[in-house]
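Chemist: Take a look at the following structure, please.
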Amino acid sequence: MTDLEQILNNDPTGAEVKKLKETLFQAQTSVKRKLDQGCDPQQYQQLTKQHEAYIAAQAVLENYVSRLS
404 MTDLEQILNN DPTGAEVKKL KETLFQAQTS VKRKLDQGCD PQQYQQLTKQ
454 HEAYIAAQAV LENYVSRLS
């Protein structure tokens, strides 16, 4: 079991889940802003992958938490 799994498994109030969701959302929003400002093709590709990774992380978190319920 990873540290993150332990935190999520021992989070009866959902406070840690809420913090993680907010952190991921803020990071995703920050990357999206950079994409919207425009950048060179190489940076655009990197930022797009990063943006997709944050979206995937949010989905994994939602999936894991829903299994705990």
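The sequence shown begins at 404 in my numbering and counts up one residue at a time.
C-beta: ideal position from N, C-alpha, C; glycine also.
Can you tell me whether DSSP reads P415 as helix, strand or coil?
Modeler: coil
Chemist: Decide yes or no for the touch test of the stretch 451–465 against the stretch 413–430: beta carbon pairs closer than 8 Å, at least 3 of them.
Modeler: yes
Chemist: Anyone know if the C-beta pair for L450 and V434 falls short of 8 Å?
Modeler: Using a Cβ distance threshold of 8 Å, L450 and V434 count as a contacting pair.
Chemist: In angstroms, rounded to a whole number, what distance separates the CA positions of S472 and Q453?
Modeler: 29 Å
Chemist: Using three-state DSSP, classify T426 as helix, strand or coil.
Modeler: helix
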